[in-house]
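Novice:
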Amino acid sequence: MSDTEDDPVVASYDVFLTDSDVSRYVFQYLDRHVDLPYNDRNNQCPISLKMKQNTGLVEVEVPISTRSNYDVNKGMRYGEAVKKSRSARDGGSYGMSGGFTAGSGAVGTGGRMKTETNGDVEVLDNKRVVDSNALMRTQALAGRVKPAEEGDPIYMLGTFKDKNLHLSPISSVIQFHPQLHHLDALDEMPKAKGTRGKKDDDDRPAPETEARAIDMKVKAAEDGETQHNAGNLEILKQMQEEKWRTYGWIDAETEDAWYTYESFMLHPEDGEPQALESNLDSEEYLDKMSAPRIDPARPDLTGWAMKENRRRQREAQAGSGNQ
């Protein structure tokens with residue numbers, strides 16, 4: 001019995017490649033269980049997505065459920081801090097995406113999301129009535145597009161339709177981590193220490209300080225470290241100066257999402273598809289996939305030299321056969 005009879009072919013598919021010029025990203029939420037995706041069914045459909053194309057920064061704003069496992073006191077405290085922060089008014093972010101300054105934005109408390117409110121107040125599970133706008137209701141998740149380098153693996157998304165397999169190349173895999181913008185906003189607020197005991201006449205709001213970029217000076221012992229640190233500072237500067245581009249979010253189960261899926265994940269059926277042609281012959285393919293081959297007759301010849309020696313031998317044999 002042959003090996004093919006032990007392992008028969010059970011299915012055969014034609015493979016199609018979709019448009020490679022379309023940007024496709026795979027989002028990975030490292031602290032989120034696979035059974036709890038951020039979608040409308042779980043009442044946590046992301047509100048928006050922000051991206052800085054040149055530096056590769058990406059932020060997704062997701063709603064926070066205030067109905068379970070939610071500390072109302074801290075929610076009001078952080079929500080008030082975010083609401084009053086300079087970054088929230090400027091519409092950007094703290095941390096690396098803002099160049100470690102507060103001048104380019106944070107998570108907002110507003111946004112379009114489903115809420116169960118009664119007018120301008122909200123009744124929580126503990127029957128406590130609070131101002132809906134005072135609660136921290138969203139959280140930012142951030143990641144970065146890793147620039148492609150030579151030798152990186154090429155990932156593809158596969159879609160089956162009938163007897164066809166459609167492969168779509170992925171631009172990048174982005175891993176998202178929760179951002180603590182609310183803590184940065186709280187730290188930004190003027191300290192209340194020393195304000196007690198003042199007269200009511202002197203009880204004025206503290207003047208807001210201007211947002212300024214941080215001037216970082218780095219001293220390194222070696223020239224290599226100096227160049228590396230200078231490169232990091234230049235990247236931070238580019239992150240801070242680049243403007244966010246905001247995109248809407250379409251839930252995966254909507255009709256628009258399915259339309260986009262069929263448009264960009266399947267090869268168009270109109271016309272005869274162009275057949276792929278390999279640039280490698282069989283021996284070149286083996287050389288790419290395997291370790292360097294060694295000719296037992298000539299151990300000193302490997303790789304290209306071995307192939308050239310075999311080519312000359314074949315030509316010599318063919319010439320002698322024609323005589």
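Using UniProt numbering, the first residue of the sequence shown is number 1, and each one after it goes up by one. Even for Gly, the Cβ is constructed at its ideal location relative to N, Cα and C. Model, not experiment: these values are computed from the prediction.
Below 8 Å, can you find three or more Cβ-Cβ pairs linking the stretch 248 to 258 to the stretch 137 to 153?
Specialist: no
Novice: Quick check: the stretch 172 to 179 against the stretch 17 to 32, are at least 3 beta-carbon pairs closer than 8 Å?
Specialist: yes
Novice: Pairing CB atoms from the stretch 46 to 57 with CB atoms from the stretch 237 to 249, are three or more of them under 8 Å?
Specialist: yes
Novice: According to DSSP, is R67 helix, strand or coil?
Specialist: coil
Novice: With distances taken from CA atoms, which of A140, I64, M265, K83 is nearest N164?
Specialist: Its Cα nearest to that of N164, the residue M265 stands out among A140, I64, M265, K83.
Novice: Please list the terminal residues of the continuous alpha helix (DSSP H) segment that includes R77.
Specialist: 72 to 84
Novice: If you count every other CB in all the chains shown that lies within 10 Å of the CB of E284, and 16 or more means buried, which is it?
Specialist: exposed
Novice: In the DSSP assignment, what are the bridge partners of D14?
Specialist: According to DSSP, which records beta bridges pairwise, D14 is partnered with N164.
Novice: Around the C-beta of E315, are 16 or more other C-beta atoms found within 10 angstroms, so that it is buried, or is it exposed?
Specialist: exposed
Novice: For a quick check, are the C-beta atoms of Y78 and L186 less than 9 Å apart?
Specialist: yes
Novice: Given a cut-off of 9 Å, decide if I170 and Y25 are closer than it, judged by their beta-carbon atoms.
Specialist: A Cβ-Cβ contact shorter than 9 Å links Y25 with I170.
Novice: What do you reckon, is the C-beta of R144 under 8 Å from a heavy atom of the ligand NAP?
Specialist: The model depicted lacks the ligand NAP and carries no ligand whatsoever.
Novice: What do you get for L236, buried or exposed, if any count of 16 or more other CB atoms within 10 angstroms of its CB means buried?
Specialist: buried
Novice: State the beta-bridge partners of R144 as determined by DSSP.
Specialist: Note: R144 sits in a beta bridge opposite L57.
Novice: Check M51 in the structure and name its three-state DSSP category.
Specialist: In the three-state DSSP reduction, M51 falls in the strand class (E or B).
Novice: According to DSSP, simplified to helix, strand and coil, what is Y247?
Specialist: In this structure, Y247 counts as strand in the three-state DSSP scheme.
Novice: So, at 8 Å on beta carbons, what are the nonlocal neighbours of A192 in its own chain, with the 5 sequence-adjacent residues on each side left out?
Specialist: Here the model assigns A192 a pLDDT of 44, short of 50, so the residue's position is not dependable, and the following value carries that caveat. Correct list: empty, nothing qualifies.
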